[in-house]
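Per the numbering used here, the very first residue in the sequence shown carries number 241; after that it's consecutive. Presented below is the structure to which this report refers.
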Amino acid sequence: MLKLMQLELVKNKFGWYFRGAIIANILMIALLWFIMYISQIENDIIATTHLDFFVLIGAMVRATFIVFASVLIAKIVIGEYKSKTILIMFSYPINRKKLIASKLLFIAAITFITMLLSNIVVAGLFSIISNVFNIVPFSITASQYIAEVLKMIPYSFASAGISLIPLYFGMRKHSVPTTILSSLLVVSIVCSSNPVFSMVTFIPVQLGLAVVGVIIAFLSIRNIEIEDAI
Numbered sequence: 241m242l243k244l245m246q247l248e249l250v251k252n253k254f255g256w257y258f259r260g261a262i263i264a265n266i267l268m269i270a271l272l273w274f275i276m277y278i279s280q281i282e283n284d285i286i287a288t289t290h291l292d293f294f295v296l297i298g299a300m301v302r303a304t305f306i307v308f309a310s311v312l313i314a315k316i317v318i319g320e321y322k323s324k325t326i327l328i329m330f331s332y333p334i335n336r337k338k339l340i341a342s343k344l345l346f347i348a349a350i351t352f353i354t355m356l357l358s359n360i361v362v363a364g365l366f367s368i369i370s371n372v373f374n375i376v377p378f379s380i381t382a383s384q385y386i387a388e389v390l391k392m393i394p395y396s397f398a399s400a401g402i403s404l405i406p407l408y409f410g411m412r413k414h415s416v417p418t419t420i421l422s423s424l425l426v427v428s429i430v431c432s433s434n435p436v437f438s439m440v441t442f443i444p445v446q447l448g449l450a451v452v453g454v455i456i457a458f459l460s461i462r463n464i465e466i467e468d469a470i
């Protein structure tokens, strides 16, 4: 399985993904600064504590990379079905289920890693900028930063599973646009928050949706041995 994942990394050029992740990190930091700056001008402080601050960052990062994951699904799974290049891989003397599973595991793994790293980078850099320029009405200590980064691990893990949900919509008609658009619907649910209930911070629901994503992945490859790539 690991060799198949390595093959996927070699076969597809992922420079665009990593460049996009870097640009997304920069844009998120800029957007955070803009949001905090405007909230101070309007005297409507969004983040009153460091906990609010990290929740906002976590939501932004998860939303961004769930969409990124849908692009990966569209490119290396749905796109190959649509162009029929998947037939070439199916001609290899390798179990079809294993081939598709390696693709999905690769997507989940790279999503988890980039999401966790982005949380660390965005939160770390913005914490430094905030402490220097007093962008937020509180200081963020090293111990608070480390504690919140550790909390991000289960959320990143859950989001890696959630990122597979758009596969269900994309595989129905092998549609790339549907795959990506459905990720926006997933994001609107996963990252929703209101005074009554905050989905974005409720880890049991996040883990439950991750299980849904894994089940969708399982169902997508269950009958692959007897199906043709149509």
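By construction, the Cβ of each residue, glycine as well, lies at the ideal position given by its N, Cα and C atoms.
Check whether residue i and residue j have beta carbons under 8 Å apart
i: Ser370; j: Val376; result: yes
i: Thr351; j: Ala400; result: yes
i: Val361; j: Asn283; result: no
i: Leu449; j: Val427; result: no
i: Val416; j: Ile318; result: yes
i: Ile313; j: Glu320; result: no
i: Ile269; j: Ser279; result: no
i: Ser310; j: Ile420; result: yes
Cβ shell of residue i (< 8 Å), same chain only, five flanking positions each side left out
i: Ile380; result: His290, Phe293, Ser367, Ser370 and Asn371
i: Ile393; result: Leu356
i: Tyr385; result: Ala363, Gly364 and Ser367
Own chain residues within Cβ distance below 6 Å of residue i, not counting five before or after
i: Met276; result: Ile375 and Val376
i: Phe346; result: Met245 and Glu248
i: Gly453; result: Gly401, Ile402, Leu404 and Ile405
Nearest-angstrom Cβ-Cβ length linking residue i and residue j, presumed shorter than 8 Å
i: Ile263; j: Ser423; result: Not really, about 18 Å apart at Cβ, beyond 8 Å.
i: Ile443; j: Ala387; result: Not confirmed; about 15 Å, so no contact.
i: Tyr395; j: Gly298; result: 6 Å
i: Asn252; j: Ile316; result: 6 Å
i: Met241; j: Ser342; result: 5 Å
i: Ala261; j: Ser331; result: Going by Cβ atoms, the distance from Ala261 to Ser331 rounds to 33 Å, so no, they are not a contact pair.
Neighbourhood of residue i by C-beta distance below 7 Å, restricted to the same chain and skipping five residues each side
i: Ala457; result: Leu344, Leu404 and Leu407
i: Ser433; result: Met439 and Val440
Contact test: residue i Cβ vs the ligand FMN heavy atom, cutoff 7 Å
i: Glu248; result: Among the components of this structure there are no ligands whatsoever, and the ligand FMN is therefore not found.
Report the start-end ranges of each alpha helix (DSSP H) in the region 279-303 that is 4 residues or longer and not cut off at the edges. DSSP runs (the alpha helix (DSSP H)) wholly in the region 279-303: none.
In chain order, what are the residue ranges of uninterrupted alpha helix (DSSP H) at least 4 long that sit wholly in the region 374-425? 382-402 and 406-413
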